[in-house]
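In the working numbering, the protein residues as written are 59 to 730.
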């Protein structure tokens, strides 16, 4: 994430008697030492501390100090030396893509399979590198969005796109980083506070009677940094019974405690309400399906750090803990205007606690932590359910000569039964300032959802005997990341990786084949003995020139290939395993049409196993007006492609949006 490590103040006055050269090197040493020693948890909303005031004390002949970007998750780390494939999308990139939701924006990420039912992220399933929506984990500021009823609800996110500071996509099992459910990877969404006052708004209208508005304000009141964001989207729908209304409200705040500010608290509270016509979402037999989902969450984080100097080294402690309460309600009707015909209602509640202690000694770090999670359900179809799972982990990370390493072990139990050990091992080495190679191995797991275990209707039958599924994954990668802060405007970034993931006890919905159409046999989830995914991924980015002059500004390319081996008989059909992504190619080209006008073209090519290939071309035109206002035009599916991403929902053809945005950010925070 694009946040700076907190830097302690230091006084250079006593160096006046020394020579200028000594002053330069001492300044750099103290800057580096304090940056490493007093790192804060990046997921509790710490402010973006600018280093301008520190750099001002260093003579001008010293080279510019780069920002240090941090990885999300329990084990943190420097983004530049990450030892796995992680893609970061920052706020400026999100502003360029023709997207109205987080799901829309993730569609352009390498290896991420976004399958939407409808528009603007009304309901979206997110898979990573061949995995399905149940096998990937979504988080907001470190809080898990896992829904025990069904993974279909995991992406019912309460955070508007306008409030997102960054998105990090982890493309391999990340149990040690985030805990249970990150079987194939994780998507971490960061929304952070800051000192400076900032306000942003956007509103749009477009095809299918689409209307939407979002607003966000960041403000510091005394010692409290806060952010509040709201959003509303609605549309008449692109085909019969596909209308929707989505509402989101999101708040986060953070502040330090005590004179030494070693304690820091962060809060999060959010709510989303969405109701929509669900034609084709789950079956094509009932075109009048309708659904409404609501989700409310509240969480608090506490971070405590202390630093103790020693004669021959230093020791740094950091203790983190967090509590989350998440409640989700779902009402589903087969006939929208006839609830008595068939209606399911579900209310799920989750209470979780996580804690972690980090001990850093002479550049090596030891991390240990625990997680306890309780899940409850009251459902008209699934019954009343409750369960819990626990985990504890231990990890060591640091440097071994020229190598970076992270090695850990997680112990997981499900209702205090069947304890499982899940190891993780990562290595990385810088070949030079620009080249970096890495390799990793990890094991992941996921507990079946209650829908998989107990759901029943004429087309689906649950399986209460389902067991947790596991994966073994390995990755080998290479990264070229030159200095972007040079005197020239152009630069090139590239990354490539080979990956392999083997699932054991994988959960998939299968049914017996039939010569009758449609197939009358019901779907049932089972634990498949063995499913393997292997593939390659490559990305390339090139900045051509400085913005503001006519011509090609930059372009991004990425390609993912996945092959899968499944253990199915000819008498079985699979709902998810054999529809994983095989080919994915994304391209974005940013053009400067004048000093201010920019055009971003975004192209997607997707082919899933045993499904036809489709191509989609989107575009966004940005036209700044005055100082803080800008107009934008978004055009989606310019090629008018007919395609289906999930269920039986025919995605819209060519459609357009026209909108206006406003942004103001103060240099200094106003006095309350």
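Even glycine gets a Cβ: it sits at the ideal position worked out from N, Cα and C.
A quick note: this is a predicted structure, and the numbers were derived from the prediction, not measured.
In the DSSP assignment, residue 162 falls within the alpha helix (DSSP H) that extends over 160–164.
By the Cβ-count criterion, residue 421 is exposed, with fewer than 16 other Cβ atoms from all chains shown falling within 10 Å of its own Cβ. The region 335–342 and the region 355–365 do not touch, with fewer than 3 CB-CB distances between them shorter than 8 Å. The residues 391, in chain order, have a CB closer than 6 Å to that of residue 397 in the same chain once the five nearest residues on each side in sequence are set aside. The alpha helix (DSSP H) runs lying completely inside the region 677–707 and spanning 4 residues or more number zero. Out of 707, 554, 360, 308, the CA that lies nearest to the CA of residue 496 is found in 554. With contacts defined by Cβ atoms closer than 7 Å, residue 323 and residue 309 do not form a contacting pair. Less than 7 Å divides the Cβ of residue 689 from the Cβ of residue 681. Boundaries of the beta strand (DSSP E) harbouring residue 312: 302–315, taken from the DSSP string. Between residue 302 and residue 180, the CB-CB gap stays under 7 Å.
The C-beta of residue 683 has fewer than 16 other C-beta atoms within 10 Å across all chains shown, which makes the residue exposed. Around residue 379, the same chain offers 360, 413 as residues with beta carbons nearer than 6 Å, after the five sequence neighbours per side are excluded.
The beta carbon of residue 674 is closer than 6 Å to those of 662, 695, 699 in its chain, skipping five residues each way along the sequence. Between the C-alpha atoms of residue 693 and residue 336 there is a straight-line separation of about 24 Å.
Assigned with DSSP and collapsed to three states, residue 153 falls in helix. Positions of the beta strand (DSSP E) runs, each at least 3 residues long and wholly inside the region 312–392, are given as 321–335, 348–368, 371–391 in order along the chain.
DSSP links residue 583 through a beta bridge to 567. Restricting attention to beta strand (DSSP E) runs no shorter than 3 residues, the region 511–558 encloses them at 527–538, ordered along the chain. Pairing residue 239 with residue 713, the inter-Cα distance amounts to about 36 Å. Bridge pairing for residue 481: 467 [DSSP]. With 16 or more neighbouring CB atoms inside 10 Å of its own CB, residue 313 falls in the buried class. The DSSP-derived three-state label of residue 267 is helix.
Cβ-Cβ distances below 6 Å link residue 411 to 381, 430 in the same chain, with the five nearest sequence neighbours on each side left out; the list follows chain order. The Cβ neighbour count for residue 608, taken over all protein chains shown within 10 Å, is under 16; the residue is labelled exposed. Here residue 567 is buried. Its C-beta has 16 or more other C-beta atoms within 10 Å. Remark: C-beta atoms of residue 502 and residue 241 approach each other more closely than 7 Å.
Per DSSP, the continuous alpha helix (DSSP H) segment holding residue 234 begins and ends at 233–236. Checking the DSSP bridge columns, you'll see residue 196 partnered with 245. Residue pairing by DSSP puts residue 424 in a beta bridge opposite 417, 454. In this structure residue 221 is buried. Its beta-carbon is surrounded by 16 or more other beta-carbon atoms within 10 angstroms. For residue 712, there is no enclosing beta strand (DSSP E), as DSSP gives it neither H nor E. Taking the CA atoms as reference points, residue 144 sits about 24 Å from residue 449. For residue 253, the closest C-alpha among the options 426, 490, 264, 278 is that of 278.
Each residue's CA atom was taken as its position, placing residue 489 and residue 142 some 16 Å apart.
Residue 563 sits away from residue 572, with the two beta carbons spaced by 7 Å or more.
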